[in-house]
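Student: Chains as they are written, first to last, in my numbering: chain D, 533 to 633; chain Y, 4 to 180.
Positions of the beta carbon are idealized from the N, C-alpha and C atoms, including for glycine.
Shown below is the structure under consideration.
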Amino acid sequence: MNLPACLLLSSALFALGVYGLLTRRNLIAVLMSLELMVNAALINFTAFARFGGGDATAGAVFPLFVMAVTAGEMALALGIVMALQRWRSRIDVDELNRLHG
Amino acid sequence: MIRDALFYAVAAGILISATAVVTLRNLFHSALALLATLFASAALFLLLGAEMTALAQVLVYIGGILIFVLYAVFLTMDVGSKMSAAGKFKAALALPVAAAVFALLAGPGWRGASVMGGGIHGSPVQEGFASLRALGSRLLDPGANGFIVPFEIVSVLLLAALVGALAVVRGLDGGKD
Numbered sequence: 533m534n535l536p537a538c539l540l541l542s543s544a545l546f547a548l549g550v551y552g553l554l555t556r557r558n559l560i561a562v563l564m565s566l567e568l569m570v571n572a573a574l575i576n577f578t579a580f581a582r583f584g585g586g587d588a589t590a591g592a593v594f595p596l597f598v599m600a601v602t603a604g605e606m607a608l609a610l611g612i613v614m615a616l617q618r619w620r621s622r623i624d625v626d627e628l629n630r631l632h633g
Numbered sequence: 004m005i006r007d008a009l010f011y012a013v014a015a016g017i018l019i020s021a022t023a024v025v026t027l028r029n030l031f032h033s034a035l036a037l038l039a040t041l042f043a044s045a046a047l048f049l050l051l052g053a054e055m056t057a058l059a060q061v062l063v064y065i066g067g068i069l070i071f072v073l074y075a076v077f078l079t080m081d082v083g084s085k086m087s088a089a090g091k092f093k094a095a096l097a098l099p100v101a102a103a104v105f106a107l108l109a110g111p112g113w114r115g116a117s118v119m120g121g122g123i124h125g126s127p128v129q130e131g132f133a134s135l136r137a138l139g140s141r142l143l144d145p146g147a148n149g150f151i152v153p154f155e156i157v158s159v160l161l162l163a164a165l166v167g168a169l170a171v172v173r174g175l176d177g178g179k180d
């Protein structure tokens with residue numbers, strides 16, 4: 533267990549999130565892929581805090597802020613999902629083109 | 004030695020369950036795979052010595068966000084049904100793009116970390132750098148190294164997000180639709 537191994541792991545997790553973001557059409561599935569990418573970033577933060585030297589506690593503070601922001605984001609996003617469900621009864625991202633000029 | 008073995012087991016668990024999250028056709032199964040991914044990364048945080056991050060991961064992500072996602076899944080679709088697949092062109096494009104992202108992230112990361120190499124390779128960070136006591140005193144420290152301003156801003160942000168989510172769900176006319 534060292535820094536390069538952790539960075540490889542988080543890169544792979546982020547790439548999986550990108551893959552899901554591009555292939556999924558259901559809005560909830562897209563949000564879950566987004567969660568994977570955020571999680572990869574958290575692993576990076578923690579790995580650098582653990583192995584990077586310097587101010588380790590400051591590195592451990594950032595994941596807490598990221599989690600709080602993600603919680604707010606997901607609350608809002610799933611609220612939008614609910615509203616769309618009532619309005620359209622389908623939540624495929626390909627069909628959400630109402631703002632298209 | 005045993006930490007290395009644990010690390011590789013946890014890493015394999017994270018990657019396998021994350022692959023399941025992005026490939027399974029059933030949205031409910033996908034959400035359960037996300038649960039496994041989040042638990043495995045909490046275990047990884049424990050291995051890295053960041054126990055408070057692991058605790059917050061279990062409480063906030065699994066106890067909060069994932070339950071919310073599961074509710075959304077149950078409310079928006081039949082549990083047994085399959086998701087529609089992406090178009091052929093998009094599916095063909097996604098794999099190279101994801102591979103390129105991985106190469107762009109992992110290549111410099113691997114090289115840079117190897118250059119930093121020896122000095123930090125398992126350098127002894129003080130134990131408990133992410134303990135509840137260390138993080139709590141740092142979060143509420145008003146000094147130059149403290150995080151009290153972002154801490155307070157986050158509380159306002161969460162309140163705004165909750166009010167905004169309620170407004171979106173009910174409709175701005177107070178739910179008279």
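1. Taking the C-alpha atoms as reference points, what is the distance between V171 (chain Y) and A615 (chain D)?
2. Assuming M569 (chain D) is part of the alpha helix (DSSP H), what are its boundary residues?
3. Between the stretch 75–102 of chain Y and chain C, which residues of the former have a C-beta closer than 9 Å to a C-beta of the latter?
4. To be precise: take each residue of the stretch 566–589 of chain D, compare its Cβ to all Cβ atoms of chain Y, and keep it if any distance is under 8 Å. Which residues remain?
5. Check G121 (chain Y) in the structure and name its three-state DSSP category.
6. DSSP on D624 (chain D), reduced to helix/strand/coil?
7. With C-beta atoms as the reference, is R141 (chain Y) less than 8 Å away from G149 (chain Y)?
8. Against chain D, does G121 (chain Y) count as a neighbour if the rule is that its beta carbon must be under 8 Å from one of theirs?
9. What is the DSSP secondary structure of A147 (chain Y), counted as helix, strand or coil?
10. Decide if Y74 (chain Y) is buried, meaning its Cβ has at least 16 other Cβ atoms within 10 Å, or exposed.
11. I need the boundaries of the alpha helix (DSSP H) containing I65 (chain Y), first residue and last residue.
12. Is any beta-carbon of chain Y found at less than 8 Å from that of L608 (chain D)?
13. Whole angstroms is fine: what's the gap from L165 (chain Y)'s alpha carbon to S117 (chain Y)'s?
14. Based on Cα-Cα distance, which residue from Y:G52, Y:V76, Y:A34 lies nearest to S134 (chain Y)?
15. By the DSSP assignment, the alpha helix (DSSP H) with S20 (chain Y) in it spans what residues?
16. Pick helix, strand or coil for L51 (chain Y), following the three-state DSSP scheme.
17. Against chain D, which members of the stretch 153–172 of chain Y pass a CB distance test of less than 7 Å?
18. Are any of the Cβ atoms in chain Y nearer than 8 Å to that of V562 (chain D)?
19. Take L610 (chain D) as the anchor and find which of Y:S87, Y:G67, Y:T56 has the nearest alpha-carbon.
20. Going by DSSP in three states, A544 (chain D) sits in which element: helix, strand or coil?
21. Go to S140 (chain Y), then tell me how far its alpha helix (DSSP H) extends in each direction, as first and last residue.
Tutor: Judging by the given coordinates:
1. Between V171 (chain Y) and A615 (chain D), the alpha-carbon positions lie close to 7 Å from each other.
2. First-last of the alpha helix (DSSP H) with M569 (chain D): 559–583.
3. The question asks about chain C, but that chain is absent: this structure's protein chains are D and Y.
4. Those residues of the stretch 566–589 of chain D that come within reach of chain Y (Cβ to Cβ, closer than 8 Å) are E567, L568, N571, L574, I575, T578, A579, A581, R582, F583, G584, G585, D587, A588, T589.
5. At G121 (chain Y), the pLDDT of 45 sits below 50, so the modelled position is not reliable; the number obtained from the coordinates is stated separately. Residue state, collapsed to three classes: helix.
6. Residue state, collapsed to three classes: strand.
7. With contacts defined as CB atoms closer than 8 Å, R141 (chain Y) and G149 (chain Y) qualify as a contacting pair.
8. For G121 (chain Y), the predicted model reports a pLDDT of 45, less than 50, meaning its position is unreliable and no value from the coordinates is stated.
9. Coil at A147 (chain Y), not helix or strand.
10. Around the beta carbon of Y74 (chain Y), a 10 Å sphere encloses fewer than 16 other beta carbons of the protein chains shown; the residue is thus reported as exposed.
11. Careful: I65 (chain Y) lies outside any alpha helix (DSSP H) and carries neither H nor E.
12. Chain Y contact via Cβ: present.
13. Distance between the alpha carbons of L165 (chain Y) and S117 (chain Y) is about 44 Å.
14. For the residues Y:G52, Y:V76, Y:A34, the minimum Cα distance to S134 (chain Y) belongs to Y:G52.
15. Where S20 (chain Y) is concerned, the enclosing alpha helix (DSSP H) stretches over 5–26.
16. Coil at L51 (chain Y), not helix or strand.
17. For the stretch 153–172 of chain Y, which is checked against every Cβ of chain D, the residues closer than 7 Å are P153, V157, L160, L161, A164, L165, G167, A168, V171, V172.
18. Against chain Y, the CB of V562 (chain D) has no partner CB under 8 Å away; the residue lies outside that interface.
19. Answer by Cα proximity: Y:G67.
20. Helix.
21. Where S140 (chain Y) is concerned, the enclosing alpha helix (DSSP H) starts and stops at 135–142.
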